[in-house]
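Chains as they are written, first to last, in this note's numbering: chain A, -11 to 199; chain B, 38 to 412.
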């Protein structure tokens, strides 16, 4: 079983080896705990994580970014293949104006395409990347689609289905009981299709048969 | 109109640019490889992707957790079950949902069947790229068809299954599925024996694939390779052993690895993995427990704010989903770690200096799915 390293323990090692590289940690969060690194010391910190005998995080498992409503952050999942342990590191890239972080490509070749993808979709510049170009979209595409500020396709194109908006604080999703029941066509009555707002069906008992 | 001498003059010293794709059988989808050749030798290779970009990560931010499951089918359409599984595991990790034991066994059953189907496709097209044209491909398609029939029996769909659910699977196994799986498992070793006698050690295949597209273990790890491509280079890293999910730790199986890290080793690893999958499937069919197959999870699940990364060993490698929740009914961030894309990181280095025909074999041995590259 892969060990999810305690960020506090990793931070202690980092603080002795390269002081100032850890700017925060979140050990109590729901889900995975993570470590926040400073962008200025990112290269030396990640090099240390890779080369340290007790950590040996030599495999960049995943690299992605998150837009925290205007604050962009880059997320790294570093894995050790031999010691079978993993740690989550984050680096703040700044706001929408000119987000940038150092590229990990000199340390991990595996960052090459993933950083290009993040540059394409979030507009984060990776300093030191050998070939930073858009990957999925074409040069000149207006905007960076995965930013939260990107609400509409150029040319007023819209997606086919109405979506859920994060703008309203997440509370405009139908609450069970408030949505009118959808009329069921007589031919479909036997299928008993759940409508949004129904109390969840209790499935999973062998006697019930297939839903 | 008369042509000036310069129009017809051809300088053999100048490299020629050859476009493989976007519509070319050897690229396995809408994938373009721009190659500079000097004679037959590849001097530069650049991949151009995005033809199949559907913006799934953005779309998923506007759907509930359950509504996103069908998207995952379409990320890697040759291994829909594995994608369903990886996504559901990630949501379950985020929301702390327990999965009943029968559902775990059903998930392993379909993940391994999917591996057999996907590897049949991968090896068939790889041999096709090596010049055996379509005979082996269609032989392997025969087995893939049988797996897809089993999928159809269970969930009605063959390719985009949408079968896994948060907290289990959508339906219980239908009557007659387990006997059908047993029949499939009984006849499969005979088919594999046929393939091995025809293909392994085959002079033409060895000549085309041995020593081609070689990558060392160190470079493969540094380039974040995963799956059969990493194991072909001799790194015994398989998430089913290293980070077991769905009870893989209770099954007895081995991890095949290659020695040289070339195209032939990747092919051998996939062939051996099919045999290991059959071993796992036999244990699943013998030990599958009765009981519920789905826990009671709200349709509009609202996980607590936080983030989770869960991964599975898909037929192509480490397939992970990184989800961030803000407490709402839809993911705040939905990211898929695509093994097909990341396995292309060193494509240029692997093809440089070889011949154009070797570049096609190398690309075939990486087993890419363009739906997963572009998403």
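Backbone N, C-alpha and C fix where the C-beta goes; we use that ideal spot for every residue, glycine too.
Contact between residue 87 (chain B) and residue 124 (chain A) is confirmed by a C-beta separation of about 4 Å, below the 8 Å threshold. Looking from the CA of residue 71 (chain B), the closest CA among B:308, B:59, B:377 belongs to B:59. Excluding sequence positions up to five before and after residue 125 (chain B), its CB lies within less than 6 Å of the CB of 201, 203, all in the same chain and listed in chain order. The beta-bridge partner set that DSSP reports for residue 372 (chain B) consists of B:359.
Under the Cβ criterion of 8 Å, residue -10 (chain A) is counted among the residues facing chain B. Shown here, residue 84 (chain B) sits in a strand according to DSSP, grouped into three states. Separation of the CB atoms of residue 62 (chain A) and residue 106 (chain A) is rounded to 7 Å, and the pair is thereby assigned contact status at 8 Å. Contacts with chain A at 8 Å (Cβ-Cβ) do not include residue 228 (chain B). Taking a contact to require three or more Cβ pairs closer than 8 Å, the stretch 203 to 213 of chain B and the stretch 118 to 136 of chain B qualify as touching. With contacts defined by Cβ atoms closer than 8 Å, residue 109 (chain B) and residue 337 (chain B) do not form a contacting pair. At least one CB atom of chain B sits nearer than 8 Å to the CB of residue 20 (chain A). The Cβ of residue 3 (chain A) sits no closer than 8 Å to any Cβ of chain B. Considering only B:222, B:198, B:192, the residue with the shortest C-alpha distance to residue 211 (chain B) is B:192.
The C-beta of residue 56 (chain A) has fewer than 16 other C-beta atoms within 10 Å across all chains shown, which makes the residue exposed. Contact check for residue 325 (chain B) and residue 142 (chain B): beta-carbon distance about 4 Å, within the 8 Å limit, so the pair qualifies. Residues 102, 203 of the same chain have their beta carbon placed closer than 6 Å to that of residue 128 (chain B), with the five preceding and five following residues left out of the count. Assigned with DSSP and collapsed to three states, residue 140 (chain B) falls in helix.
Taking the Cβ atoms as the reference, residue 46 (chain A) lies roughly 6 Å from residue 68 (chain A), within the contact range of under 8 Å. With respect to chain B, the C-beta atom of residue 54 (chain A) has a partner C-beta closer than 8 Å. With respect to residue 146 (chain B), residue 321 (chain B) sits close: the two C-beta atoms are nearer than 8 Å. With distances taken between CA atoms, residue 20 (chain A) lies nearest to B:359 out of B:56, B:359, B:169.
Taking the Cα of residue 267 (chain B) as reference, the smallest distance to any Cα among B:238, B:182, B:164, B:383 is reached at B:383. When the five nearest sequence neighbours on each side are left out, the beta carbons in the same chain lying within less than 7 Å of the beta carbon of residue 269 (chain B) are those of 295, 298, 302, 303, 306, in order along the chain. With fewer than three CB-CB distances shorter than 8 Å, the stretch 131 to 142 of chain B does not count as touching the stretch 225 to 244 of chain B. In the DSSP annotation of this structure, the continuous segment of the beta strand (DSSP E) that includes residue 61 (chain A) starts and ends at 59 to 68. Residue 8 (chain A) counts as exposed, since fewer than 16 other beta carbons sit within 10 angstroms of its beta carbon. In this structure, residue 375 (chain B) sits away from residue 264 (chain B), with a CB-CB distance that is not shorter than 8 Å. As the crow flies, the alpha-carbon of residue 112 (chain B) is around 5 Å from that of residue 408 (chain B).
Residue 352 (chain B) is classed as buried because its beta carbon has at least 16 other beta carbons within 10 Å across all chains shown. Residue burial is scored here from C-beta neighbours: residue 126 (chain A) has fewer than 16 other C-beta atoms within 10 angstroms and is therefore classed as exposed. For the pair residue 116 (chain B) and residue 188 (chain B), the Cα-to-Cα distance works out to about 12 Å.
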